[in-house]
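Here is the structure we will look at.
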Amino acid sequence: MNTVIFRTVAPYLAALMVLFSVFVLLRGHNEPGGGFIGGLIAASAIAIYGIAAGVDEVRKALVFHPIAVAGLGVFLAAIAGFMSLFVEAPFLKGLWLFLELSDGSELALSTPMLFDIGVYLVVVGAISSIALALEEDEETR
Amino acid sequence: MAGSASTPKNLDLPPAMIEGVTSVADWVIVWPIALPMLGAAVLLMARKRPEWQAPFAFVILLATLVANFMLYMRVQAEGPLTMTMGNWLPPYGISLTADALSALFSLVSAFILLIVVLFVQSEVETRENKYGYHSLLLLLLTGVSGGFLTGDLFNLYVWFEVMLIASFGLLIIGGRKIQLDGAVKYGFLNFLATTFFLIAIGFLYGLVGTLNMADIALKAPQVESGAIYAVAALFFLAFAMKGAAFPLNAWLPASYHAPDPAVSAVFAGLLTKVGVYALVRTHLLLIPQSHAQLQLVMEVVAAFTLILAPLGAMAQTNARRALGFLVVGGIGAMLAGLAIGSPTGVFGLAAYAVNSMLVMTALYLVVGLVERMGGTSDIRKLGGLYRANSWLSILFIVLVFAVAGLPPFLGFWPKMILVQAGVEVGNFWLVAFILLNSILTSIAGTRLWAHIFWRDGREGANSEQINERIRPLTTRAKVWGLLPAGALVAFIVVAGLVPQPLFKAGATAAFAIYEPAEYVGSVFGSLSAAEE
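Residue numbers (this note's numbering), protein chains in the order written: chain A, 957 to 1097; chain B, 58 to 589.
Structure, rendered in structure tokens:
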């Protein structure tokens, strides 16, 4: 797996995949996609980068430990539920905020989106931490 | 459901969303689940700060306990409380429903976890802290409280999974060989039970077309097909496995001795009781007609569990494995209450569950301290602990009396109610088994006490010589270990001497199970009012 071609391409490939994963995450509310599948794509990007560049390099690039990222995901998802506390609605009610942009288009912000971002982070964190642990095991052998 | 897809303008669908505002006071049912989950997430993020973990977990647990207490008081005063997630109307939205039974169990769980988190401070190394010990404990409480408070059958499955994952993590923290061995047995049988549960949910959905518990309670009694009994039998199999009833109890003593004593204490206190709770919920509230069909099976399972568990405890040389069998014996007593199936029986079951949660947790904590002093949990190598620490021996013998059900300790009262329930329905042989269980349990418990504390030294020829391997407890272990365990035992003693609160709690819990109209009303209150 450690060919020159792979090592050269992997960083660009990983960057593209992370970008695509964000796209999949954001279109998820009304079209196929969403936090879970987006998270899987991003986690595979991290895994590919780990195979090519080594796990230490990936951990340095991620800054935060993957499990901490997953923790942030759970936190954001819970916060999305707590938003409805302020409008006297039950837990987890979907709340929407439509912002008018200067060119006339609308930007829709919502608690389901915040929840989905939480799911995304949980999946990225959990899967990539498993992947990195497995790759680390291989390196030390 | 008038209107068709081709004429969207003339749709006359009933409203799908809740109208009107939800009082912030109703959130009291969300906090017991959401707070520990939020706390677990924050602790995961703060994994590089081991010194923050314990204080933060303690604060979160204190807040959870207060929330649970408020929920309990509210349910006691006003009856079942429901909140349906996301503003959807039930049964479309997932409901959280607390009645007296679930609020009581959730309250006791939070109390136990608070004590255990204090106890943990006497032993956890920072390395284990880093691997998320405290966040897993909080996550476990999330799953347990969620299981108790949910009003949706599939959601109950999800909370079982949360519980399973958290307990799996706690079981293998430390990574010793024995822990992995225990985790495989624990994990395999629990996954199997969860699968049976899921299959049963699928069948039930096919029969009644809903997963909301209140909705099932309305629709399942009208199902004429015999398939509903197959569903009930599957539920019984799955939850009896989760609750470690005979003959599916093997996983419990095989795994509970493996992890840290504090972790075993939480497991013994909380996990099996969720299975028992689910049994009560499914067989007495959701599919009440199945109880008569399965009664004989329940009685036989309860009787065997009652007898074989204390016999198993007598045969053990590992103190914590023996305690595992005593946990199973308690499950037998609760199953006897379920098998009797009268309001008095459920009263006894609820009271016994509270007793078992408190007493088994305390027993594991005390044995954890014994292990710290003796360096082993093998009772053949222990001995002479009375001389070394008489306080510990007093705590242990009090707990043995409580678990066996000797008056005036806490375990006596639930057993008395169970016996009374059995006599009321004329089920004398089950009563005999309950009493026999008490005798055998007291033999098994006092055997442990005699071996660990009473004799001077180790087993065999050395038993007259003083055991020199005993190390006294460190100051840290005394402050954080002996004090929380002692406080819990003191609480148990006081609760045994003043049993009225337990009676009241158990009786209202049983009443709640036999008043499905109130349960259903709290979920569909607004809807049924609109239909009438």
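Quick reminder that beta carbons are idealized off the backbone N, C-alpha and C, glycines included.
Residues that residue i bridges to, as DSSP identifies them
i: Ser1066 of chain A; result: A:Trp1052
i: Thr207 of chain B; result: B:Leu153
i: Thr498 of chain B; result: DSSP, once it has assigned bridges, lists no residue as partnering Thr498 of chain B.
i: Asn375 of chain B; result: B:Asp435
i: Thr139 of chain B; result: B:Thr154
i: Trp145 of chain B; result: B:Met74
i: Asn269 of chain B; result: B:Asp209
Where residue i meets chain B, residues with beta-carbon distance less than 7 Å
i: His985 of chain A; result: Going along chain B, no residue has its Cβ under 7 Å from His985 of chain A, so there is no contact; the nearest lies around 14 Å.
i: Ala1024 of chain A; result: Leu101, Met102, Arg104
i: Leu975 of chain A; result: Those within 7 Å of Leu975 of chain A in chain B number zero; the least Cβ separation is about 25 Å.
i: Gly1050 of chain A; result: Gly143
i: Gly995 of chain A; result: Neighbours of Gly995 of chain A on chain B: none; closest Cβ ~16 Å, over 7 Å.
i: Gly1060 of chain A; result: Correct list: empty, because the minimum Cβ distance to chain B is about 28 Å.
Span separating the alpha-carbon of residue i from that of residue j
i: Leu422 of chain B; j: Ile169 of chain B; result: 11 Å
i: Glu588 of chain B; j: Gly582 of chain B; result: With a pLDDT of 43 at Glu588 of chain B, under the threshold of 50, the predicted position of this residue should be treated as unreliable, though the coordinate-derived value follows. Answer to the nearest angstrom: the Cα atoms are 10 Å apart.
i: Asn986 of chain A; j: Gly479 of chain B; result: 58 Å
i: Phe355 of chain B; j: Gly425 of chain B; result: Position check: residue 355 of chain B holds Met in this sequence, whereas Phe was assumed. Each residue's alpha carbon lies about 34 Å from the other.
i: Ala1034 of chain A; j: Met94 of chain B; result: 8 Å
i: Ala569 of chain B; j: Ala82 of chain B; result: 22 Å
i: Glu76 of chain B; j: Trp1052 of chain A; result: 17 Å
i: Ala1008 of chain A; j: Arg1015 of chain A; result: 13 Å
i: Lys535 of chain B; j: Val457 of chain B; result: 21 Å
i: Val580 of chain B; j: Val165 of chain B; result: 24 Å
i: Leu415 of chain B; j: Ile549 of chain B; result: 7 Å
i: Val460 of chain B; j: Val1030 of chain A; result: 39 Å
i: Leu138 of chain B; j: Ile117 of chain B; result: 23 Å
i: Val1075 of chain A; j: Ala97 of chain B; result: 16 Å
i: Arg963 of chain A; j: Val1079 of chain A; result: 25 Å
i: Leu294 of chain B; j: Phe253 of chain B; result: 8 Å
i: Leu1077 of chain A; j: Ile344 of chain B; result: 40 Å
i: Ser585 of chain B; j: Gly578 of chain B; result: Reliability fails at Ser585 of chain B, whose pLDDT of 46 lies under 50, so the model's placement of it is uncertain and the value that follows must be treated cautiously. Their backbone Cα atoms lie some 8 Å apart in a straight line.
i: Val99 of chain B; j: Gly283 of chain B; result: 49 Å
Closest residue to residue i among the options (Cα-Cα distance)
i: Val974 of chain A; options: A:Glu1091, A:Ser1084, A:Thr959, A:Leu1032; result: A:Ser1084
i: Leu567 of chain B; options: B:Gly462, B:Phe404, B:Leu426; result: The residue you asked about is not Leu; residue 567 of chain B is Ala in the sequence shown. Comparing Cα-Cα distances from Ala567 of chain B to each of B:Gly462, B:Phe404, B:Leu426, the minimum goes to B:Phe404.
i: Leu392 of chain B; options: B:Ser413, B:Thr267, B:Val333; result: B:Val333
i: Val555 of chain B; options: B:Gly468, B:Val476, B:Met430, B:Gln373; result: B:Gly468
i: Ala390 of chain B; options: B:Lys438, B:Gly226, B:Met140, B:Pro367; result: B:Pro367
i: Ile527 of chain B; options: B:Gly441, B:Ile273, B:Ala271; result: B:Gly441
i: Trp470 of chain B; options: B:Phe458, B:Leu341, B:Gly543, B:Gly553; result: B:Gly553
i: Glu525 of chain B; options: B:Arg444, B:Phe176, B:Pro400, B:Asn412; result: B:Arg444
i: Val87 of chain B; options: A:Leu972, A:Ile1086, A:Phe1038; result: A:Phe1038
i: His1021 of chain A; options: B:Met102, B:Ile285, B:Pro147, B:Glu481; result: B:Met102
i: Phe1071 of chain A; options: A:Gly984, A:Leu969, A:Ala966; result: A:Gly984
i: Val965 of chain A; options: A:Ala1024, A:Leu1032, A:Ala1001; result: A:Ala1001
i: Glu1091 of chain A; options: A:Gly1010, A:Leu969, A:Ser977; result: A:Gly1010
i: Ala359 of chain B; options: B:Glu428, B:Thr139, B:Gly300; result: B:Gly300
i: Ala257 of chain B; options: B:Met130, B:Arg437, B:Ala335; result: B:Ala335
i: Phe225 of chain B; options: B:Thr267, B:Leu328, B:Ser179; result: B:Leu328
i: Ser141 of chain B; options: A:Leu1041, A:Phe1042, A:Ala1036, A:Leu1048; result: Checking the sequence, you will find Thr at residue 141 of chain B rather than Ser. Checking every option, the nearest Cα to that of Thr141 of chain B belongs to A:Leu1048.
i: Phe1042 of chain A; options: B:Val78, B:Tyr571, B:Arg429, B:Gln279; result: B:Val78
i: Ala349 of chain B; options: B:Leu395, B:Leu363, B:Gly381, B:Pro310; result: B:Leu395
Amino acids of chain B, ordered along the chain, whose beta-carbon sits closer than 9 Å to that of residue i
i: Ala1045 of chain A; result: Ile75, Val78, Thr79, Gly143, Asn144
i: Leu1137 of chain A; result: Residue 1137 of chain A lies beyond the residue range present for chain A, which begins at 957 and ends at 1097; the question has no answer from this structure.
i: Gly990 of chain A; result: Within 9 Å Cβ-Cβ: nothing; Gly990 of chain A doesn't reach chain B, min ~17 Å.
i: Leu981 of chain A; result: The contacting residues do not exist; Leu981 of chain A stays about 19 Å from chain B at best.
Chain A contact residues for residue i, given Cβ-Cβ distances below 8 Å
i: Trp84 of chain B; result: Leu1041, Phe1047
i: Met473 of chain B; result: Result: empty, since nearest Cβ-Cβ is about 41 Å, beyond 8 Å.
i: Met140 of chain B; result: Pro1046, Phe1047
Neighbour list for residue i in chain B, Cβ cutoff strictly below 8 Å
i: Ala1034 of chain A; result: Ala91, Met94, Leu95, Ala98
i: Phe1031 of chain A; result: Leu95, Ala98, Val99, Met102
Partner residues on chain A for residue i, Cβ-Cβ distance less than 7 Å
i: Val87 of chain B; result: Phe1047
Exercise for the section: Taking 8 Å as the threshold, find out whether the stretch 146-157 of chain B comes into contact with the stretch 100-118 of chain B through three or more Cβ pairs. Expected result: Note that the stretch 146-157 of chain B does not touch the stretch 100-118 of chain B; fewer than 3 beta-carbon pairs, one per stretch, sit closer than 8 Å.
Exercise for the section: Report yes or no: do the stretch 221-240 of chain B and the stretch 308-318 of chain B share at least 3 C-beta pairs separated by less than 8 Å? Expected result: Touching, yes.
Practice task
Take every Cβ of the stretch 382-392 of chain B, pair it with every Cβ of the stretch 304-311 of chain B, and state whether three or more of those distances are shorter than 8 Å.
Solution key: The stretch 382-392 of chain B is in contact with the stretch 304-311 of chain B.
Handout entry: Cβ contact check for the stretch 249-264 of chain B and the stretch 210-221 of chain B: 3 or more pairs under 8 Å
Key = Because the criterion of three Cβ pairs below 8 Å is met, the stretch 249-264 of chain B and the stretch 210-221 of chain B touch.
Problem - Inter-stretch contact (C-beta, 8 Å, three-pair minimum) for the stretch 563-577 of chain B and the stretch 407-419 of chain B - result: Contact between the stretch 563-577 of chain B and the stretch 407-419 of chain B is present: three or more C-beta pairs spanning the two stretches fall below 8 Å.
Exercise for the section: Determine, using beta-carbon pairs with one atom in the stretch 359-378 of chain B and one in the stretch 495-508 of chain B, whether at least three such pairs fall under 8 Å. Expected result: A contact exists between the stretch 359-378 of chain B and the stretch 495-508 of chain B.
Practice task
Could you tell me whether the stretch 271-279 of chain B touches the stretch 141-154 of chain B, where touching means 3 or more Cβ pairs closer than 8 Å?
Solution key: As far as the Cβ criterion goes, the stretch 271-279 of chain B touches the stretch 141-154 of chain B, which means the pair count is three or higher.
Problem - Segment contact, 8 Å Cβ cut-off, at least three pairs: the stretch 393-400 of chain B with the stretch 318-327 of chain B - result: Touching, no, given that fewer than three Cβ pairs across the two stretches are closer than 8 Å.
Handout entry: Validate contact between the stretch 129-136 of chain B and the stretch 230-237 of chain B using beta carbons, cut 8 Å, 3 pairs
Key = These segments do not touch.
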